[in-house]
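Accompanying notes for the structure given below.
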Amino acid sequence: MTDDYRPPLADYWDQLEARYGGGFNFHQISRDELAQLVEHLRHAVKEDPQVTDVEKQNLGLVLKHAEQTLDKRKA
Numbered sequence: 000m001t002d003d004y005r006p007p008l009a010d011y012w013d014q015l016e017a018r019y020g021g022g023f024n025f026h027q028i029s030r031d032e033l034a035q036l037v038e039h040l041r042h043a044v045k046e047d048p049q050v051t052d053v054e055k056q057n058l059g060l061v062l063k064h065a066e067q068t069l070d071k072r073k074a
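First residue of the sequence shown? That's 0 in numbering that gives the first Met the number 0, and the numbers climb one at a time after it.
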C-alpha cells in the first residue's frame with residue numbers, strides 16, 4: 000500500500016479493536032461484525048489495487064479463517 004492510503008479494512012479493524020480490545024478474536028465479535036469484516040477482507044484481497052501482493056497473501060489467510068468462523072456460525 001502507498002504510505003498515505005488507508006483501506007476500509009484498516010478503519011473497520013480499528014473500530015473492532017476499540018470496541019473489543021487489541022486482542023479481539025473472531026469468536027467474540029457479533030455475526031454481523033464478522034460478516035462485515037469478511038467483506039472488507041475480500042475487497043482488500045480481491046479488488047483493492049493498492050494492497051500489495053504480500054499483503055494480499057497475508058490477508059488471504061485471515062480471510063480464510065474469518066470465512067470458516069462465519070460458516071460455523073451459520074450452521
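All residues carry an ideal CB built from backbone N, CA and C; glycine is no exception.
- For residue 21, the secondary structure class from DSSP, reduced to helix, strand or coil, is coil.
- When DSSP states are grouped into helix, strand and coil, residue 14 belongs to the helix group.
- With three or more CB-CB distances shorter than 8 Å, the stretch 2 to 9 counts as touching the stretch 30 to 49.
- Between the alpha carbons of residue 48 and residue 67 lies a distance of about 25 Å.
- With contacts defined as CB atoms closer than 8 Å, residue 36 and residue 11 qualify as a contacting pair.
- Rounded to whole angstroms, the separation of the alpha carbons of residue 64 and residue 58 is 10 Å.
- Residue 65 sits in a helix when the DSSP states are folded into three classes.
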